[in-house]
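The next block holds one structure in the form of structure tokens; read it before the comments.
Residue numbers (the numbering used here), protein chains in the order written: chain A, 12 to 533; chain B, 1452 to 1552.
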């Protein structure tokens, strides 16, 4: 067996250190936002109170809905309904307007009427895209940065295993009362090892989901460079013909939906429901109706079935189910998307996500702790990493709190320099995040404690504002069936408590002369 | 119930594996003795049992996701006890010592 030579260990150490320093903040941001994304539908309900609807298993008639949507939507080439569920109790409704703009609405499942929604991107529109692209859309740059961070994370996990000298002997060791540097390393090792399979799975599956972007060549080669054909083969997409110009009435969408679900259920052996109802070229002779079970509730795999019907005749023209190799890939993707109805596992993912945040934060802190005696007062590089670490860890958490507070405080018609309400919430996030970096650059070590106090205050403020501005507070929400709101409030309060405890420990240990403070994550 | 049983099995497995290590055994018992040699295989046995319980309850598809997370939580509980109050495990260690001769 090949031995691990000191040279090899040294090389691994070098890679671990510098990849961590350079990409640690990106990894923390992605992990933090990814952790929040686990509960994105619940966050949506909290931030868009009009969608706090108690779900019941009523049958929605899509024939009815199509008859009552606005004429502009009915004339659209692309109408999309998202079937309501416990976690998404409103009917999602998107359509492409005549000027190609996308309209995103939610419909009341009881009446089919549009809900007057708070203008906010909330969890699904902000936290979720942030964790996969950092909201940097230019040339897909954000996706590439996140992909690089995911790859770096895999390298960091492997290199970390090589440089940890006593994995077995110190597997269960945590010495919180030892010196801050030692305790930081213990916590880094501990948080890394206990969540290791999860930390491997998340960046790996994330990279796999975007393989068509990061490594398209292998895929396109098999399809003579035609990525659309490859995509159709993988996902069951159907090439929709253009409008013919001849009008034709649409057959019953509800009947087609029943037929699709019956087909899938027969194939799977258990009831399979559709999540998406999509009508293309509505009113035209070339109309097509498309159904998909994107997120099965009782299985890990993602998007196994697609059924496409000819609109005017209601005839099935494509019935797609994943081939076995697709199942393997869909399992890995489903494990990342985590849309199945398994609440214990969802909470374990949440804990795993927070564990990942602790791992990344303590890794960056250890870099600082190892160098503070030598570099703290002399090196500009040290001060930059210090400010980036503080802003990147406590700063992004505080900015998230500010985002929630802005959501509850901004008036419904708020606009500023051409930015609407939803955009302003995001501006608040970015401004507060930027502010935390400046704060950290000026106050250095003391910024940790102050930012933790601010996080605690933000958490409590958000809960109070929810109680003041909506009809649910965390005490009444669970009584009235709004479990998502109650849990969100409780998690905010728990987070505030944790931040306050951390702040107290930091403040108690900070030397008045500005000597190093204790760990924020202890 | 099976999930709770799996968590209990995994946690006792982690506790036994930790106690099979000299450092933790001595911290818990406050002696210079060593854990009986049967402690470690018993720990692995409990870890294995937790896997069986998870797969019985959840199947392999969900089990493959759930079980590593349960082990992580169990390891965290074990580390917390050892770091904050190792004396909590004194009676377990005594039982193991008596049984293991």
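The beta-carbon is built from N, C-alpha and C at its ideal position, and this holds for glycine as well. Just so we're clear, the structure is a prediction, and the values are computed from it rather than from any experiment.
Just the Cα atoms here: how many angstroms apart are residue 217 (chain A) and residue 283 (chain A)? 26 Å
From A:366, A:482 and A:469, pick the residue whose C-alpha is nearest to that of residue 199 (chain A); which is it? A:366
For residue 1638 (chain B), the nearest candidate out of B:1463, B:1534, B:1468 and B:1531 (CA to CA): Outside the modelled stretch of chain B, which goes from 1452 to 1552, sits residue 1638 (chain B), for which no answer is possible.
CB of residue 1525 (chain B) within 9 Å of CB of residue 1456 (chain B), strictly: Cβ atoms of residue 1525 (chain B) and residue 1456 (chain B): not closer than 9 Å.
Would you say residue 1490 (chain B) lies against chain A (beta-carbon separation less than 9 Å)? Taking 9 Å as the threshold, the shortest C-beta distance from residue 1490 (chain B) to chain A does not fall below it.
Contact with chain A by residue 1520 (chain B), beta-carbon distance below 9 Å: It does; some Cβ of chain A falls within 9 Å.
Out of B:1459, B:1474 and B:1466, which has the shortest C-alpha to C-alpha gap to residue 177 (chain A)? Residue B:1474 is the option with its Cα nearest to residue 177 (chain A).
For the stretch 196-218 of chain A, which residues have a CB atom closer than 7 Å to at least one CB atom of chain B, in sequence order? 201, 205, 206, 208 and 209
From residue 1459 (chain B) to residue 1528 (chain B), what distance separates their C-alpha atoms? 11 Å
So residue 116 (chain A) is in the alpha helix (DSSP H); what residue range does that whole segment cover? Looking at the DSSP string, residue 116 (chain A) is not in any alpha helix (DSSP H); the run it does join, the beta strand (DSSP E), is 113-118.
CB contact below 9 Å: residue 355 (chain A) versus chain B: yes
What's the gap between the Cα of residue 183 (chain A) and the Cα of residue 196 (chain A)? 13 Å
For residue 343 (chain A) and residue 1501 (chain B), what's the separation of their Cα atoms in angstroms? 23 Å
How would you call residue 79 (chain A), buried or exposed, if buried means at least 16 neighbouring beta carbons within 10 angstroms? Residue 79 (chain A) is exposed by the Cβ-count criterion.
Counting only runs of 4+ residues fully inside the stretch 305-380 of chain A, write out the alpha helix (DSSP H) ranges in chain order. 335-348
What in chain B is Cβ-close to residue 359 (chain A), meaning under 9 Å? 1516, 1517, 1520, 1521, 1523 and 1524
Comparing alpha-carbon positions, which option in A:493, A:499 and A:412 lies nearest residue 462 (chain A)? A:412
Positions along the stretch 1469-1488 of chain B whose CB lies within less than 8 Å of some CB in chain A: 1469, 1472, 1474 and 1475
If we count Cβ pairs, one from each stretch, closer than 8 Å, do we get three or more for the stretch 336-356 of chain A versus the stretch 1492-1500 of chain B? no
With 16 other CB atoms within 10 Å as the buried threshold, where does residue 512 (chain A) fall? exposed
Any beta carbon from chain B within less than 9 Å of residue 180 (chain A)'s own beta carbon? For residue 180 (chain A), the answer is yes, since a Cβ of chain B falls inside 9 Å of its Cβ.
So with Cβ pairs under 9 Å, would you call residue 1501 (chain B) a contact of chain A? no
So is residue 346 (chain A) in contact with chain B if we call contact Cβ pairs under 9 Å? yes
Is residue 378 (chain A) close to chain B? Criterion is C-beta to C-beta, closer than 9 Å. Chain B contact via Cβ: absent.
8 Å contact criterion, which residue 135 (chain A) and residue 370 (chain A) should meet: CB distance rounded: Not confirmed; about 26 Å, so no contact.
Could you tell me how far apart the beta carbons of residue 407 (chain A) and residue 451 (chain A) are, in whole angstroms, since I believe they sit closer than 8 Å? At roughly 12 Å, the Cβ-Cβ gap does not stay under 8 Å, so residue 407 (chain A) and residue 451 (chain A) are not in contact.
Is the Cβ-Cβ distance between residue 325 (chain A) and residue 299 (chain A) less than 9 Å? Result no, Cβ atoms of residue 325 (chain A) and residue 299 (chain A) do not sit closer than 9 Å.
Euclidean distance between Cα positions of residue 368 (chain A) and residue 97 (chain A): 29 Å
Could you tell me whether any Cβ in chain B is nearer than 9 Å to the Cβ of residue 531 (chain A)? Residue confidence for residue 531 (chain A) is low, a pLDDT of 41 falling below 50, so the modelled location carries little weight and cannot support an answer.
Can you pull the chain A neighbours of residue 1512 (chain B), defined as C-beta to C-beta under 7 Å? 310, 311 and 342
Same chain, Cβ closer than 7 Å to residue 108 (chain A), five either side skipped, listed in chain order: 83, 87 and 114
Does the contact criterion of 3 or more C-beta pairs under 8 Å hold for the stretch 466-474 of chain A versus the stretch 499-513 of chain A? yes
For a cutoff of 9 Å on Cβ pairs, would you count residue 1531 (chain B) as touching chain A? For residue 1531 (chain B), the nearest CB of chain A lies under 9 Å from its own CB, placing it at the interface with that chain.
Unbroken beta strand (DSSP E) run spanning residue 90 (chain A), endpoints: 89-93
For a cutoff of 9 Å on Cβ pairs, would you count residue 282 (chain A) as touching chain B? By this cut-off, residue 282 (chain A) is not an interface position.
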